[in-house]
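Enquirer: I'd like to ask you about the structure that follows.
Shown next as C-alpha cells:
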C-alpha cells in the first residue's frame, strides 16, 4: 500500500450551532483544513463526507457540503457507520490515496443534531441499535444499552458509580482547556454523582451531549505530503470490525468485542503495541464506555479500567492520556464529526500543537477509537509522527 | 493500482417484495454472489453496503445485512450517493482491494422502498435534490426535475414525446426477457403515449417504478481472481463527478455535466472510447434521462440521441445496446441496488451468460452509468473481459 498522511486539519466549534446551516458548519472545518494543508481546492480529487444523517433535512449532505465549499466536479459520496461515520470517511479517503486513485483527498465529518427536538434525537439514536427487535419491541435506547454494560461491569469487577463519574470530571476538566469544546466548565465529582438518573446507574453527567459540529482532514500521498507539510501525520493502520446488532446475541457486556478485534488489527498493521502510544482518543459516549475502552484496547487488563483511571494514568503525564480534548463527553458528539475530530486532535498532539492540553510525545504514536452503535461497528486508527 | 476483478455476482428479484425483510432481501443476492465466486464467507474481508435509506426502519443497514448473512467481525460501512449508492459501494470495495488492504471484498446494493406509501416515497426522492431551496420553496419533485430536462431537450433539438415513449417500449421489451425484472410485459407506443401525465411531458410510462431489491458483487485482487474464476470481469476505470444541488445554478438542461465529466474520466482510466463498448447500462430513471445519457456518454453527438434510438442502434444488434436488462424503467429501481445491479448485468453480458438478452461481445468492454439525484453525483465504471 502507498503511504498516506494527514497534512491539513480543521475543526468547527462544537455545540448548539443554530447560527449556521449545514454547508456553513462543514465549511468552518473544511476552510481550516484546506488552508492548513496549503492546497488549492482544485487539487483535492475527492471528498468523502461522514454523516449518519436523519437530524437535518438534506438527504444528500455530500453535495450540499461540496457546493457550499466551492468544489467543482469533485468525486464524492457520503459514508455511514453510525457514530463511527467519521472514521469511515477517513478510511475512504485513505484508500483512495493508498490505492493510487488520488494524490490528495478530503474527509469531512459532519452532524447537525439540534435541528430536531431532544426526544426525536433519542429515537434516532435508539434506532441505531437493532430497530425492529430491540428498539420497537423492548424500547431500548442508548442510555439503556450502556446502562446494561455499566451494571455488568459493576457486578463483575466492582466498578462504582464514582469510578464512572471520575471519567466525566476528567472530560470536563480537559474540555475547559479546549475552546472548541461544547462544555467549558469543570465539574465536581459530587455534581456528577448527584445529577439526574437517566438510566441507572447512568446519570446526566455520564452521558455525552447532543451536538452540532464538523471536522475535516486533508490526506495526501507520500510524495504530496513531503511537498506540502513539515509535520505530516502518517496513517499507519486502520482496523475495522463489527458485531451483532442485537445485544441479546452478544457473548457478554463488560466490553465490546468489536473494539478488541479492530484494535488488534490496527496494532498489527501499525506494528505497535499499546505501550508505544503517547495519546488516545476513545469513544466515551457514556462514561462506562471509556472505562471499557481502556480494557478492550489493551491499555490495561480487563476489569482494571477503573484503577487505571483512579491512578491518573489516563491524564496528561500518565501512562496513556485519553480524551484530553474533553472527549465525546464534554467536547461534544456530533455523530458523523466525531471520528474526524479525533483524527484532528491526535494530529495536533503528535505535531505538538495542542496548546494547554498538550501531552508529552515520546514514541510519536496516537490512537483513534471510534465506535458505531453499541459496538456494532468499530474503527481503530493508528497515527504516527514518523513514517 | 492493483488490478481488481468481479468474480461473483448475485441479483434478487426486483419488485414489491413484501415477502422478505431487509436482511433477507440482501441475502438473496449475497448468497448467489458468494456461491458464484466460490469463496467462503470468512474469506471476505470487508462488506460495503450501498443504500440511500429512509424508506425502511433500520438506520444501520450494513450491520443488519452482515448479521443476517452470517458475516462475523467483518469490516463494514454503508455508502450513499443517492441513486448512485450502488456504484459508490463497488468503488469502495474496489479501492480496498486496489490499495492492498484486502484480497476479497463484497459490495451489496440494497433498497426496500415499498415499506412507505407512494407519497412519502415521492417526498423522500424529492429531498434528494436541494431540500431547503428547491423542494421546500418550489415543491420540486423528481418527475418535475426531469420534466424540465425533457422540455429543454424538446425545445432545443425537436425531441418528441414519441421519442421518449420509445425508450419505455424498448425497456419493457427487454424486461420481458429478464425474469428478475419488476415488469414482465411488453407495452406499445400507444399505451405509453396515452398513459397519465405525471409532470408534462413525462407520463406514467416515462418514469421508473418504486422498487425493492438487492444486488451483490464479490471483488478480488488479480491473484485471487485468477484462482477463483475462469471469467473474471476487470474493473478498468471508475470516473466520479458531481454538480450543483440546485438546478437553478446549472448551465443548461439538455444534459448532465456530471455524466460528461465522469465518463471522460472513466474512458481515460480504461484507455477506451465509446466505440470500444459492446454494451452499456445507463441511468434511465426517466425516459429522457436515457436519451441524454446517450449523448453525454458520447455514444452520439448532443441532440442525436432520439435518432440513435429510432435507428435501433441501442438495441441488441445495434452499435451500442443500452439497458437490455430492462433498465431502471422496467427492471425496477431500488435506489441503492441499481448501480450494483448494473455491474451484475454488464458482467453477465461480458461473460456471455445473459441468456435471452445477450448482446454480441466483440471488444469485451461494457459500461455502467449511475446517476445520483439529477446529476448531483455521477459514477461511470468501465468493465472488461480482458485484463
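Chains as they are written, first to last, in my numbering: chain F, 1055 to 1441; chain U, 1055 to 1441.
Even for Gly, the Cβ is constructed at its ideal location relative to N, Cα and C.
1) From this set, 1203(U), 1199(U) and 1243(U), which residue's C-alpha is nearest residue 1493(U)'s C-alpha?
2) Looking at the secondary structure, which residues open and close the beta strand (DSSP E) in which residue 1287(U) lies?
3) Tell me where the beta strand (DSSP E) around residue 1266(U) begins and ends.
4) Is the segment 1346 to 1357 of chain U touching the segment 1300 to 1312 of chain U in the sense that three or more CB pairs, one from each, lie closer than 8 Å?
5) DSSP state of residue 1114(F), grouped into three classes?
6) In the DSSP output, which residue or residues are listed as bridge partners for residue 1084(U)?
7) I need the boundaries of the alpha helix (DSSP H) containing residue 1405(U), first residue and last residue.
8) Out of curiosity, what's the CA-to-CA distance linking residue 1269(U) and residue 1236(U)?
9) Just to make sure I have the definition right: I need the residues of chain F whose C-beta is within less than 7 Å of the C-beta of residue 1396(U). Which are they?
10) Quick check on the burial criterion: 16 or more other C-beta atoms within 10 angstroms. Buried or exposed for residue 1515(U)?
11) Report the rounded CA-to-CA distance for residue 1184(F) versus residue 1102(U), giving the unit in angstroms.
12) Let me know the secondary structure DSSP gives residue 1134(U) once reduced to three states.
13) Along the segment 1418 to 1437 of chain U, what residues have a CB closer than 9 Å to any CB found in chain F?
14) Can you check the segment 1144 to 1191 of chain F for any alpha helix (DSSP H) of at least 4 residues that lies completely inside it and give the ranges in chain order?
15) In whole angstroms, what separates the C-alpha of residue 1178(F) from that of residue 1367(U)?
16) List, from N- to C-terminal side, the beta strand (DSSP E) runs of 3 residues or more that fit wholly inside the segment 1282 to 1351 of chain F.
17) Here's the rule: buried if 16 or more other CB atoms are within 10 angstroms of the residue's CB, otherwise exposed. What is residue 1193(U)?
18) Would residue 1094(U) be called buried (16 or more neighbouring beta carbons within 10 Å of its own) or exposed?
19) For residue 1248(U) versus residue 1433(U), is the C-beta spacing smaller than 7 Å?
20) Contact check, residue 1061(U) vs residue 1091(U) under 8 Å by CB: the rounded distance?
21) Taking a contact to mean a Cβ-Cβ separation below 7 Å, would you say residue 1341(F) touches residue 1222(F) in this structure?
22) Using 10 angstroms around the beta-carbon of residue 1404(F), count the other beta-carbons present and answer buried if the total reaches 16, otherwise exposed.
23) List the residues of chain F that residue 1304(U) touches, going by C-beta distances under 7 Å, in chain order.
24) Tell me where the alpha helix (DSSP H) around residue 1433(F) begins and ends.
25) If contacts are defined as beta-carbon pairs under 8 Å, then residue 1259(U) and residue 1246(U) qualify, I think. What distance do you get, rounded to the angstrom?
26) Spatial neighbours of residue 1272(F) within its chain, please: C-beta separation below 6 Å, excluding the five flanking residues on both sides.
27) Taking residue 1363(U) as part of the alpha helix (DSSP H), name the residues at either end of that continuous run.
28) Hey, is the segment 1399 to 1416 of chain U in contact with the segment 1109 to 1128 of chain U, meaning 3+ C-beta pairs nearer than 8 Å?
29) Can you list, in chain order, the residues of the segment 1126 to 1145 of chain F whose Cβ is nearer than 7 Å to any Cβ on chain U?
30) Closest Cβ-Cβ distance between residue 1118(F) and chain U: below 7 Å?
31) I'd like to know whether the C-beta atoms of residue 1059(F) and residue 1241(F) end up nearer to each other than 7 Å.
32) Mind checking residue 1257(U): buried by the 16 CB within 10 Å criterion, or exposed?
33) Judging by CA-CA distance, which residue of 1274(F), 1317(F) and 1232(F) is the nearest neighbour of residue 1154(F)?
34) For chain U, is any of its Cβ atoms less than 7 Å away from the one on residue 1315(F)?
35) Looking at the unbroken alpha helix (DSSP H) that takes in residue 1221(U), where does it start and where does it end?
36) When you compare each of 1075(U), 1334(U) and 1423(U) to residue 1412(U) by their alpha carbons, which one comes out closest?
Expert: Result, derived from the coordinates:
1) The structure shown does not extend to residue 1493(U), since chain U is modelled only from 1055 to 1441, so the question has no answer here.
2) As a position in the second chain, residue 1287(U) is number 233, starting the count at 1. Where residue 1287(U) is concerned, the enclosing beta strand (DSSP E) starts and stops at 1287 to 1296.
3) Locating residue 1266(U) in the second chain gives position 212, counting from the first residue. Per DSSP, residue 1266(U) is one residue of the beta strand (DSSP E) stretching across 1266 to 1275.
4) The way I'd put it, the segment 1300 to 1312 of chain U does touch the segment 1346 to 1357 of chain U; three or more beta-carbon pairs between them come closer than 8 Å.
5) Sequence index remark: in the first chain, residue 1114(F) carries index 60 (1-based). If DSSP states are grouped into helix, strand and coil, residue 1114(F) belongs with coil.
6) Walking along the second chain from the start, residue 1084(U) turns up at place 30. DSSP, once it has assigned bridges, lists no residue as partnering residue 1084(U).
7) Here residue 1405(U) refers to the residue found at position 351 of the second chain. Secondary structure note for residue 1405(U): its alpha helix (DSSP H) is the uninterrupted segment 1389 to 1405.
8) Position 215 of the second chain, counted from the start, is the residue given in the question as residue 1269(U). Position 182 of the second chain, counted from the start, is the residue given in the question as residue 1236(U). Roughly 14 Å between the two C-alpha positions.
9) Position 342 of the second chain, counted from the start, is the residue given in the question as residue 1396(U). Ordered by position in chain F, no residue passes the 7 Å Cβ test against residue 1396(U), which lies about 16 Å from the chain.
10) Absent from the structure is residue 1515(U), since the part of chain U shown begins at 1055 and ends at 1441.
11) Taking the first residue of the first chain as 1, we reach residue 1184(F) at position 130. Taking the first residue of the second chain as 1, we reach residue 1102(U) at position 48. If you take the alpha carbons of residue 1184(F) and residue 1102(U), they lie about 19 Å apart.
12) For this step, residue 1134(U) is matched to residue 80 along the second chain. Looking at residue 1134(U) - three-state DSSP - the assignment turns out to be strand.
13) So the close ones are 1426, 1427, 1430, 1431 and 1433.
14) Considered as a whole, the segment 1144 to 1191 of chain F harbours 1172 to 1180 as its complete alpha helix (DSSP H) runs of no fewer than 4 residues, in chain order.
15) Position 124 of the first chain, counting from 1, holds the residue named residue 1178(F). Position 313 of the second chain, counting from 1, holds the residue named residue 1367(U). The C-alpha of residue 1178(F) lies about 49 Å from the C-alpha of residue 1367(U).
16) Counting whole runs of 3 or more residues, the segment 1282 to 1351 of chain F contains the beta strand (DSSP E) stretches 1287 to 1296 and 1333 to 1335.
17) In the second chain, residue 1193(U) corresponds to position 139, counting from 1. Exposed, by the Cβ-count rule.
18) The residue you call residue 1094(U) lines up with position 40 of the second chain. The residue is exposed, with fewer than 16 neighbouring Cβ atoms inside 10 Å.
19) As a first step, residue 1248(U) must be located in the second chain, where it is residue number 194. As a first step, residue 1433(U) must be located in the second chain, where it is residue number 379. Against a cut-off of 7 Å, the Cβ pair of residue 1433(U) and residue 1248(U) comes out as no contact.
20) Along the second chain, one-based indexing puts residue 1061(U) at 7. Along the second chain, one-based indexing puts residue 1091(U) at 37. Rounded, the Cβ-Cβ distance is 5 Å, consistent with contact.
21) If you number the first chain from 1, residue 1341(F) lands on position 287. If you number the first chain from 1, residue 1222(F) lands on position 168. Contact: yes.
22) Taking the first chain and counting its residues from 1, the one referred to as residue 1404(F) is at position 350. By the neighbour-count rule (16 or more Cβ atoms within 10 Å), residue 1404(F) is buried.
23) On the second chain, residue 1304(U) is found 250 positions in, with the first residue counted as 1. Neighbours of residue 1304(U) on chain F: none; closest Cβ ~12 Å, over 7 Å.
24) Residue numbering aside, residue 1433(F) sits at position 379 when the first chain is read from its first letter. Boundaries around residue 1433(F) are those of the beta strand (DSSP E), 1431 to 1438, since no alpha helix (DSSP H) includes it.
25) For the purposes of this step, residue 1259(U) is identified with residue 205 of the second chain, where counting begins at 1. For the purposes of this step, residue 1246(U) is identified with residue 192 of the second chain, where counting begins at 1. About 4 Å separates the two Cβ atoms, so the contact holds.
26) Numbered from its first residue, the first chain carries residue 1272(F) at position 218. Excluding sequence neighbours, residue 1272(F) sits near 1061, 1062, 1087, 1091 and 1160.
27) Within the second chain, numbered from 1, the residue matching residue 1363(U) stands at position 309. Its alpha helix (DSSP H) spans residues 1359 to 1364.
28) Contact between the segment 1399 to 1416 of chain U and the segment 1109 to 1128 of chain U is absent, because fewer than three Cβ pairs lie under 8 Å.
29) Going along the segment 1126 to 1145 of chain F in chain order, one finds 1127, 1128, 1129, 1130, 1131, 1132, 1133, 1134, 1135, 1136 and 1142 with a Cβ nearer than 7 Å to chain U.
30) Along the first chain, read from residue 1 onward, the residue named residue 1118(F) stands at position 64. By this cut-off, residue 1118(F) is an interface position.
31) Start at 1 with the first residue of the first chain, and residue 1059(F) comes out as number 5. Start at 1 with the first residue of the first chain, and residue 1241(F) comes out as number 187. No, the pair does not count as a contact, with Cβ atoms beyond the cut-off.
32) Within the second chain, residue 1257(U) is the residue found at index 203, counting from 1. Classified as buried, residue 1257(U) has 16 or more neighbouring CB atoms from the shown chains inside 10 Å of its CB.
33) Translated into positions along the first chain, residue 1154(F) becomes position 100. Put simply, of 1274(F), 1317(F) and 1232(F) the residue whose alpha carbon is nearest the alpha carbon of residue 1154(F) is 1274(F).
34) Here residue 1315(F) corresponds to residue number 261 of the first chain, with the count starting at 1. Under the Cβ distance rule, residue 1315(F) counts among the residues neighbouring chain U, one pair being separated by less than 7 Å.
35) Along the second chain, one-based indexing puts residue 1221(U) at 167. Its alpha helix (DSSP H) spans residues 1215 to 1229.
36) As a working mapping, residue 1412(U) is identified with position 358 in the second chain. Of 1075(U), 1334(U) and 1423(U), the residue nearest in Cα terms is 1334(U).
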